[in-house]
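Structure first, then comments.
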Amino acid sequence: MIASERGEVGLAAGIALLRDGASAMDAVEAAIRVVESNEADHFVGVGGLPNLLGEVELDASIMDGATRRAGAVGAVRGFPHPISIARAICEQLPQHLLLVGAGAERFADEAGIERGETLTDEARQIWRDGLSPAGLERAEGMHGLGEVAYRQQALDRLKAMSPPDGPWGTVNVIGMDAGGNLAVGVSTSGYPWKYPGRVGDSALIGSGNYCDNSVGGAACTGRGELAIRGNTARSVLQGLAAGHDPVKACCEALAETLALPDQFRAPLQALCLTPDGRHGGASTRAASTYGVMTASDHDFRIVQRGQV
Ligand code: GLY
């Protein structure tokens with residue numbers, strides 16, 4: 004299994020399942036649930052940073068490389084484990100793939116997925132610190148009533164958005180089981196202070212997540228709007244299919260995406276795993292890494308990504 008930065012905390016849980024003969028889908032879901040429970044991670048699940056109204060909205064997707072079936076959710080509130088809602092859509096609602104907002108929450112209740120608080124005190128404080136006093140007053144009093152002044156403040160906040168230092172945003176986990184089946188899972192709270200209802204690449208198959216047993220699995224972290232426009236995860240697989248090694252496939256997919264004009268440019272990363280167990284990643288940041296763990300390992304190890 005491989006995992007993007009901060010996803011390493013889930014690898015042992017996923018590998019334990021694989022050692023017992025579980026499927027790649029089971030292992031990827033289990034690994035991501037650990038990350039979603041980690042309150043110290045402010046970009047995934049519980050502890051994720053909220054949108055402009057102070058509400059945590061989560062996106063996730065999971066894709067099975069054997070069937071290329073997938074499930075995904077966007078802008079879900081009140082559920083700590085959006086990856087499990089995505090999995091349930093994949094397996095229990097096969098006529099659909101992506102549910103958002105209230106519909107996704109309704110389905111999650113029907114599927115028996117646990118509700119829970121996702122906004123922590125620490126995340127609320129980081130959110131407050133990022134808003135001006137006037138904007139904060141409006142955001143906490145408004146709850147989306149649409150006042151023009153608040154909307155202007157919100158848009159100003161988004162325009163001022165600059166990439167935080169260090170690893171941030173979204174978790175990718177890619178796994179392969181004993182039968183050689185691949186699965187890719189992605190989960191995120193998205194951009195801090197994002198506009199309510201914003202859905203990023205993590206929920207979109209082809210953009211932030213793609214998996215095909217015959218070629219490999221790939222996923223993205225970072226600026227989701229670019230990965231959507233570049234269809235970047237699928238682009239990584241096209242590079243693999245053309246014969247590139249994993250690092251080159253990720254670098255070329257990022258380079259192609261980064262050629263798009265984007266005034267809000269922020270870090271972008273890609274990660275991939277092939278059916279023969281090769282893996283690689285790329286990033287716009289120096290010293291970006293990912294974690295790797297196999298069934299014979301006692302712990303994960305850290306691998307450098309290529310830089311674009
Ligand atoms: N890549 C995660 C997001 O843009 O929401």
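Last residue of the sequence shown: 311 in this note's numbering, with the numbers rising by one and none dropped.
C-beta atoms are modelled at their ideal positions from N, C-alpha and C, and glycine is treated no differently.
This one's a predicted model, so the numbers in the text were calculated from it and none came from an experiment.
- Look at R226: its beta carbon is less than 7 Å from one of the heavy atoms in the ligand GLY.
- If the five residues before and after R237 are omitted, its C-beta is found closer than 6 Å to the C-beta atoms of G209, Y213, all from its own chain and listed in chain order.
- Look at S87 here: in three-state DSSP terms it is helix.
- Placement of the Cβ of D62 at a distance of less than 7 Å from at least one heavy atom of the ligand GLY is found.
- Within the segment 33-90, the runs of beta strand (DSSP E) at least 3 residues long that lie entirely inside it are, in chain order, 61-67, 73-79.
- With 16 or more other Cβ atoms from the protein chains shown falling within 10 Å of its own Cβ, P83 counts as buried.
- Annotation: the continuous beta strand (DSSP E) that includes G225 extends over 219-225.
- Between the alpha carbons of S7 and Q98 lies a distance of about 30 Å.
- In the structure shown, V311 adopts coil according to DSSP, grouped into three states.
- Inclusion of T235 and A256 in the CB contact set at 8 Å is warranted, their separation being smaller than that value.
- According to the DSSP assignment, G283 belongs to no alpha helix (DSSP H) but to the beta strand (DSSP E) extending over 282-286.
- Assignment of I208 by DSSP, reduced to helix, strand and coil, places it in the strand class.
- The three-state reading of DSSP puts I231 in helix, counting H, G and I together.
- Following the DSSP letters along the chain, one finds V176 inside the beta strand (DSSP E) bounded by residues 174-179.
- Contact check between the segment 181-201 and the segment 241-251: fewer than three CB pairs, one atom from each, fall below 8 Å, which does not count as touching.
- For A186, the beta-bridge partners assigned by DSSP are D67, G178.
- In the DSSP assignment, D215 is bridged to G219.
- Annotation: E32 to Q241 spans about 25 Å, alpha carbon to alpha carbon.
- With fewer than 16 other Cβ atoms from the protein chains shown falling within 10 Å of its own Cβ, Q266 counts as exposed.
- By the Cβ neighbour-count rule, Q310 is exposed, with fewer than 16 other Cβ atoms within 10 Å of its own.
- Beta-bridge analysis with DSSP links I5 to I177, V295.
- Taking every protein chain shown into account, the CB of P264 has fewer than 16 other CB atoms within 10 angstroms, so this residue is exposed.
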